[in-house]
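Engineer: Numbering (my numbering), first residue to last: 47 to 501.
Even for Gly, the Cβ is constructed at its ideal location relative to N, Cα and C.
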Ligand code: CO
């Protein structure tokens, strides 16, 4: 009997999600450089290194140009593609951009060194991914269409298969399941992957977080079900709210048909190095080093960081005793708003609405702008349509948007350039224009320290 080999590929996240999850995204380019050649040799499918938070952190906290970081990484990483995470039409931010910004951003990201672009949308509305996916394809990148995993009466295996197919139709070279809260259980994961593998021809990637303590078990069952790629973080930046450890996964699969072929021995010195980096970052930025498993997310679906934010909001109002009420209000609001997955920015939108309802003691007495916009389709299609009567009660006569939200946004690039010129940067590079588009205030502060003003 011949054993069919099916080596599992690994996306290493130490340069992005690993330190974003466990070190407040504070890793500097200089912390990365000494290990890049070794990481490049290891045989990873991709090295995830770029995304909204890393970009923001470069400009805001580290006085680094994120584009310069990308070019530096590319110089050292000759074999392994650099991967980035893109929020579809939101690019790196929380609001929709015009198509010209999305296209230019993708083009420049690839031009400066990105090889794999993972593209997702908080509402899993494929229309919010299509322009970015098309631009990535045209630029020659590997396009990974991504959907966020959540649990609701609507989110069945069938619904995920439909989504995955839509992403493949739009040109996805692979599909990623993004389980940002660590909700996917091993057996649910097995069934989901098994079903997707029967319907989808492109490779499947699973991205999860250790938050609830399930992640390694889920990966193992997903691998048995045929998943092609799993996202892991080198041990010093693994577990807790990060990914399972790379070395552990490699060891678990060694000698099996799923053997990754990656030699754990060469990862030892790299892990030693990053263990020191983690210690230094924890000390110099005074970070909490909490790697405990938090199983509350399994029932509330509320990501850990958000739980503590909400609790603080209640405390400020002297209403800490209302926390349990808020925990039951959250899922209720989520259902009324059409079961959006709870990921930025929808998690904040649902969370603040629930908090208002509890604090004011009357439901939907005050409705924030973002809640109205979510309900009326400005962020895209909610998984389940919002009940028309309820919708009317919170938006009144405001317009409902049923077409692709960005269709309503006129081009923005020229006016962004104009704004930069008015601030003293008439000759800003296109990369600087895109930094400004992504994080206007933060980028201007960065330019004031690092660019010559020309009035
Ligand atoms: Co993640």
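1. Is it the case that the CB of residue 167 approaches a heavy atom of the ligand CO more closely than 7 Å?
2. Pair every Cβ in the stretch 114-123 with every Cβ in the stretch 181-195, then say whether three or more of these pairs are closer than 8 Å.
3. Does residue 91 come out as helix, strand or coil in the three-state DSSP assignment?
4. In chain order, which continuous runs of the beta strand (DSSP E) of length 3 or greater are located wholly inside the stretch 54-110?
5. Is any heavy atom in the ligand CO found nearer than 7 Å to the beta carbon of residue 73?
6. Is the Cβ-Cβ distance between residue 281 and residue 68 less than 8 Å?
7. With DSSP as the reference, label residue 376 as helix, strand or coil.
8. In whole angstroms, what separates the C-alpha of residue 194 from that of residue 170?
9. Between residue 217 and residue 419, what straight-line distance do the alpha-carbon atoms span, to the nearest angstrom?
10. Any heavy atom of the ligand CO closer than 7 Å to the beta-carbon of residue 295?
11. Please go through the same chain and pick out, in chain order, the residues whose beta-carbon is closer than 8 Å to the beta-carbon of residue 372, but skip the five residues on each side of it.
12. Sorry if obvious, but does the Cβ on residue 188 come closer than 7 Å to a heavy atom of the ligand CO?
13. What span of residues does the beta strand (DSSP E) with residue 188 cover, start to end?
14. When every heavy atom of the ligand CO is checked, does at least one fall within less than 7 Å of the C-beta of residue 102?
15. Straight-line CA distance for residue 459 to residue 302?
16. Could you check if residue 65 belongs to the surroundings of the ligand CO, using beta carbon to heavy atom distance under 7 Å?
17. What are the partner residues of residue 421, as DSSP defines its beta bridges?
18. What runs of the beta strand (DSSP E), each 3 residues or longer, lie entirely inside the stretch 364-411?
19. How big is the Cα-Cα spacing for residue 210 and residue 59?
20. Provide the residue(s) that pair with residue 254 in DSSP beta bridges, ordered along the chain.
21. In chain order, what residues of the same chain have a beta carbon less than 8 Å from the beta carbon of residue 338, not counting five sequence neighbours either side?
22. Indicate the three-state DSSP secondary structure (helix, strand or coil) for residue 146 in the structure shown.
23. Helix, strand or coil: how does DSSP classify residue 263 here?
24. In or out: residue 453 buried (at least 16 other Cβ within 10 Å) or exposed?
25. According to DSSP, is residue 517 helix, strand or coil?
26. Under three-state DSSP, which class holds residue 160?
27. Sorted by chain position, which residues of the same chain lie with C-beta nearer than 8 Å to residue 428's C-beta, five sequence neighbours on each side aside?
28. Are residue 466 and residue 479 touching if we call contact CB-CB under 8 Å?
29. For the beta strand (DSSP E) that contains residue 276, what are its first and last residues?
30. Answer with buried or exposed for residue 104, where buried requires no fewer than 16 other C-beta atoms within 10 angstroms of its C-beta.
31. Distance check for residue 340 and residue 349, CA to CA, integer angstroms please.
32. By DSSP, does residue 165 sit in helix, in strand, or in coil?
33. Return the CA-CA distance between residue 144 and residue 219, expressed in angstroms with no decimal places.
34. Report whether the distance from the Cβ of residue 226 to the nearest heavy atom of the ligand CO is below 7 Å.
Structural biologist: On the basis of the data shown:
1. Reading the chain shown from its first residue, position 121 is the one you call residue 167. Taking 7 Å as the cut-off, the C-beta of residue 167 does not count as close to any heavy atom of the ligand CO.
2. With a cut-off of 8 Å, the stretch 181-195 and the stretch 114-123 do not count as touching, because too few Cβ pairs lie within range.
3. Here the question's residue 91 lines up with position 45 in the chain shown. Three-state result, residue 91: coil.
4. For the stretch 54-110, the full-length beta strand (DSSP E) segments reaching 3 residues or more read 55-58, 92-96 along the chain.
5. Indexing the chain shown from 1 puts residue 73 at position 27. In this structure, residue 73 has its beta carbon at no less than 7 Å from each heavy atom of the ligand CO.
6. Residue mapping note: residue 281 aligns to position 235 of the chain shown, counting from 1. Residue mapping note: residue 68 aligns to position 22 of the chain shown, counting from 1. No, Cβ-Cβ distance for residue 281 and residue 68 is not below 8 Å.
7. One-based indexing of the chain shown puts residue 376 at position 330. Helix, per DSSP.
8. Reading the chain shown from its first residue, position 148 is the one you call residue 194. Reading the chain shown from its first residue, position 124 is the one you call residue 170. When rounded, the distance between both Cα atoms is 7 Å.
9. Position 171 of the chain shown, counted from the start, is the residue given in the question as residue 217. Position 373 of the chain shown, counted from the start, is the residue given in the question as residue 419. Each residue's alpha carbon lies about 29 Å from the other.
10. Position 249 of the chain shown, counting from 1, holds the residue named residue 295. Every heavy atom of the ligand CO is 7 Å or more from the Cβ of residue 295, so no.
11. Looking up residue 372 in the chain shown gives position 326. So the qualifying residues of the chain are 356, 360, 400, 401, 404.
12. For this step, residue 188 is matched to residue 142 along the chain shown. Taking 7 Å as the cut-off, the C-beta of residue 188 does not count as close to any heavy atom of the ligand CO.
13. For the purposes of this step, residue 188 is identified with residue 142 of the chain shown, where counting begins at 1. Taken as a continuous stretch (DSSP letters only), the beta strand (DSSP E) holding residue 188 covers 188-194.
14. The residue labelled residue 102 in the question sits at position 56 within the chain shown. No, Cβ of residue 102 sits at least 7 Å from all heavy atoms of the ligand CO.
15. For the purposes of this step, residue 459 is taken as residue 413 along the chain shown, with counting starting at 1. For the purposes of this step, residue 302 is taken as residue 256 along the chain shown, with counting starting at 1. So the alpha carbons of these two residues sit roughly 52 Å apart.
16. Here residue 65 corresponds to residue number 19 of the chain shown, with the count starting at 1. Checking the Cβ of residue 65 against the ligand CO gives no.
17. Along the chain shown, read from residue 1 onward, the residue named residue 421 stands at position 375. None, per the DSSP bridge assignment.
18. Here no run is fully enclosed.
19. Residue 210 sits at position 164 when you count from the first residue of the chain shown. Residue 59 sits at position 13 when you count from the first residue of the chain shown. Roughly 23 Å between the two C-alpha positions.
20. As a first step, residue 254 is located in the chain shown; it is residue number 208 there, counting from the start. Answer by DSSP bridge pairing, in chain order: 225.
21. Taking the first residue of the chain shown as position 1, residue 338 is located at position 292. If the five residues before and after residue 338 are omitted, its C-beta is found closer than 8 Å to the C-beta atoms of 286, all from its own chain and listed in chain order.
22. Locating residue 146 in the chain shown gives position 100, where the first residue counts as 1. Helix, per DSSP.
23. In the chain shown, residue 263 corresponds to position 217, counting from 1. It is helical.
24. In the chain shown, counting from the first residue as 1, residue 453 sits at position 407. Classification of residue 453: exposed, given that the 10 Å Cβ count is below 16.
25. Outside the shown range of the chain (47 to 501) lies residue 517, about which nothing can therefore be said.
26. As a working note, residue 160 is residue 114 in the chain shown. Three-state DSSP puts residue 160 in a strand.
27. Your numbering for residue 428 matches position 382 in the chain shown. Correct list, in chain order: 169, 383, 384, 385, 386, 420, 421.
28. The residue you call residue 466 lines up with position 420 of the chain shown. The residue you call residue 479 lines up with position 433 of the chain shown. Contact: yes.
29. As a working note, residue 276 is residue 230 in the chain shown. Per DSSP, residue 276 belongs to the beta strand (DSSP E) from 275-278.
30. Start at 1 with the first residue of the chain shown, and residue 104 comes out as number 58. Classification for residue 104: buried.
31. Here residue 349 refers to the residue found at position 303 when the chain shown is read from its first residue. Here residue 340 refers to the residue found at position 294 when the chain shown is read from its first residue. Computed Cα separation, rounded: 10 Å.
32. For the purposes of this step, residue 165 is identified with residue 119 of the chain shown, where counting begins at 1. Looking at residue 165 - three-state DSSP - the assignment turns out to be strand.
33. Indexing the chain shown from 1 puts residue 144 at position 98. Indexing the chain shown from 1 puts residue 219 at position 173. Distance between the alpha carbons of residue 144 and residue 219: 25 Å.
34. By one-based count along the chain shown, residue 226 stands at place 180. Within the cutoff, so yes.
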